[in-house]
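Take a look at the structure below.
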Amino acid sequence: MTDTAWIDAALTSARPQALGALLRYFRNLDTAEEAFQNACLRALKSWPQNGPPRDPAAWLIMVGRNVAIDDIRRGKKQTPLPEDEAISDLDDAEAAIAERLDGSHYRDDILRLLFICCHPELPATQQIALALRIVSGLSVKQIARAFLVTEAAMEQRITRAKARVADAGVPFETPGAVERSERLAAVAAMIYLIFNEGYSASGDTAEIRSTLCEEAIRLARLLLRLFQSEPEIMGLTALLLLQHARSAARFGADGALVLLDDQDRSLWNQKMIAEGLALIDKAMRHRRSGPYQIQAAIAALHARAEKPDDTDWVQIDLLYGALEIMQPSPVVTLNRAVAVSKVRGAQAALEMIEPLGARLSNYFHFFGVKGAFLMQLDRNEQARIAFDRAIALANTSAEAAHIRMHLDRLMRDSAPRARAK
Amino acid sequence: MLYAILCYHDEDLVGSWSKEQDAAVMAKLSVVQEKLTQQGRLGPVARLLPTTAATTLRKDDPPLVIDGPFAETKEQLLGFYVIDAKNLDDALEVAKELGQANPGGSYEIRPVGYFTPGSAPKGPNP
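Top to bottom, those sequences are chains A and B. When the letters of the first sequence are read in order and numbered with the numbering used here, they come out as residues 7 to 427. When the letters of the second sequence are read in order and numbered with the numbering used here, they come out as residues 22 to 147.
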């Protein structure tokens, strides 16, 4: 293993565990990060010559700890010293490995690391940036590119987030069962945010931002490995896999968004679909439903349909109905209306979304969907007004291009036509 | 004699490979597999999905279904080959060649006692 790319992969995979342990040890994010960085530098020197260690994370924890303590002892740092009992086992090289073997530490270390990134005081954009920087180890430059901001702006965002976390205080006690499940839910929500940030990319940025989707999937799998029997974490992982499986088909050559019905399904990633379906099967056995599982079940019904006409819209309508009860939101109702339009027609669907107008008056998808229903009912003039509004609200060029395609079609087909399904 | 080559590696690490790195490993492995196929020595090959997708059935009475893989280990069973080899040395040669294409982790070489090629359809592509 001489190629640095392979060492990079090893460092990335060891990162959450090693950094989590160093954070527990030093109780300070900056010190822990610096210790990890120093350990990585030593790894880059030592591993190409001696080969990678059998347990890279344990190696990094031990080296990171020793280097940091040496630095502290030499008085280089202004960082307060760890308590005496914490450094008393300094020379016991086995200690880090023994800790590594302690399953509950391992779990809570990683969960804590993830959890501090989704501190309730941090706005969503800072949570995502912090998690990508700290847990995933993406460079500031990579994150800045994914968010389409300058490196300096991203650096500032991350620094601010870290300062807020430091002020708020990080919980170091081993969490109780209730607290652990609260942390788990917060972390799951953050992973979902990371994924959405990547998923809502437009055509020209899709490649950069699919990194975020892949990173979210990696984090979800990591979380699931720590909590093997949590159906909602299975559901979350399944949902991300099933959504991301379609990524190659979601944009046309011109960068415009391609809707589910029009996608080339042979481009869907069958391996991701297989994994997603396996996870949703596992989750269902627990009979403890939740929003991620329901959304994953909906995505699974789409994934199982070989062609659009095979889609089980009746079941999708029912699942959205269940989701509406669990997590009432106009956006869920809007999604349900699409299923309703397939089952009971565009008129019923339109009636369903009319009451949402006030709350979704600035929501691109509301007007896109409304326009499509109106078009199906041959109310072309009203459809055009809805589509115009959608274009004005489009978040990406791909969204705008997609609506323009509808408008072009409206102009062409001025003659009425029946297209209700 | 038939041998199973069971592939163990840290799945966190394998999961951290970039798409390019993963594709490069698969391409190198396919060269070795192609050679074995030409020689009529390659049986079924499987790459398993992550252990998070695994379920374990404990054959108690009544049977107990547990989420996750059978054992929590540092390295996980990620796939397997079945090959035809003259003897252990020959099987080890094949394993070494596969190992050069895909370094890291370990292979467990186990002689096969009973084998049927089966009739299951081909699965998703690697």
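All C-beta atoms in this analysis are idealised placements derived from N, C-alpha and C, irrespective of residue type, glycine included.
query: Mind checking G175/A: buried by the 16 CB within 10 Å criterion, or exposed?
result: Label assigned to G175/A: exposed.
query: Is it buried or exposed for V35/B, if we count other Cβ within 10 angstroms and need 16 for buried?
result: buried
Candidates A404/A, A45/A and I78/A: closest to G258/A by CA position: A404/A
- prompt: What residue from L28/A, G70/A and L340/A has the CA that sits closest to R48/A's CA?
  reply: G70/A
message: Taking 7 Å as the threshold (beta carbon to beta carbon), is T94/B in contact with chain A?
response: No - not a single Cβ of chain A is within 7 Å of the one on T94/B.
message: Please list, in chain order, the chain B residues whose beta carbon lies closer than 7 Å to that of Q234/A.
response: Under the 7 Å cutoff, chain B gives D88 and G89.
query: Can you tell me the Cα-Cα spacing of P3/A and Q59/B, whole angstroms?
result: Residue numbering for chain A in the displayed model covers 7 to 427; residue 3/A lies beyond these limits and cannot be assessed.
task: Throw me the rounded Cβ distance for the D116/A and L232/A pair, which I believe falls under 8 Å.
output: Reading off the sequence, residue 116/A comes out as Ile, not Asp. The beta carbons of I116/A and L232/A sit about 6 Å from each other, so the pair counts as a contact at 8 Å.
- prompt: From K348/A to S19/A, what does the alpha carbon distance come to, in whole angstroms?
  reply: 44 Å
message: Assuming S217/B is part of the beta strand (DSSP E), what are its boundary residues?
response: This structure cannot settle anything about residue 217/B, because the visible part of chain B is limited to 22 through 147.
message: At the 7 Å Cβ level, is K51/A part of the contact set with chain B, yes or no?
response: Closer than 7 Å to the CB of K51/A there is not a single CB belonging to chain B.
Interface partners of Q121/B on chain A, CB under 8 Å: Neighbours of Q121/B in chain A, taken as residues at a C-beta separation under 8 Å, are lacking, since the least C-beta distance is about 12 Å.
task: At 8 Å on the CB atoms, spell out the chain B contacts of L230/A, in chain order.
output: T73
message: Measuring straight from C-alpha to C-alpha, what distance separates L225/A and R139/A?
response: Cα to Cα, the separation comes out at about 13 Å.
field: Backbone CA spacing between L380/A and D316/A [nearest angstrom]
entry: So the alpha carbons of these two residues sit roughly 24 Å apart.
field: Nearest-angstrom Cα separation, counted from L229/A out to H412/A
entry: 41 Å
message: Using CA atoms only, rank isn't needed, just tell me which of R256/A, Q353/A and D114/A is closest to A27/A.
response: D114/A
query: What residues in the segment 272-286 of chain A bring their beta carbon closer than 7 Å to a beta carbon of chain B?
result: Q276, K277, A280, E281, A284 and L285
query: Comparing the C-beta of T137/B with each C-beta of chain A, is any distance below 7 Å?
result: no
task: Compute the Euclidean distance between the alpha carbons of M68/A and A16/A, then round it to the nearest angstrom.
output: 16 Å
field: Contact list for the segment 189-200 of chain A against chain D, Cβ threshold 7 Å
entry: Protein chains A and B are contained in the structure displayed, whereas chain D is not.
- request: Starting from D88/B, follow its DSSP beta bridges and name the residues at the other end.
  value: Paired residue(s): T76/B.
message: If the cut-off is 9 Å on Cβ atoms, which residues from the segment 22-46 of chain B count as contacting chain A, listed in chain order?
response: Residues of the segment 22-46 of chain B that bring their beta carbon within less than 9 Å of a beta carbon in chain A comprise D31, E32, D33, L34, V35, G36, S37, W38, S39, K40, E41 and Q42, in sequence order.
- prompt: Given that L70/B touches chain A, what residues does it touch there, using C-beta distances under 7 Å?
  reply: Ordered by position in chain A, the residues that pass the 7 Å Cβ test against L70/B are A280, E281 and A284.
task: Look up F101/B in the DSSP assignment and say whether it is helix, strand or coil.
output: strand
task: Find out if the Cβ-Cβ distance for the pair A262/A, A407/A is shorter than 7 Å.
output: yes
message: Quick check on the DSSP output: what are the complete beta strand (DSSP E) runs of length 3 or more inside the segment 114-195 of chain A, in order along the chain?
response: none
field: Range of the contiguous beta strand (DSSP E) that encloses R390/A
entry: It is not in any beta strand (DSSP E) - R390/A instead sits in the alpha helix (DSSP H) that spans N386 to L399.
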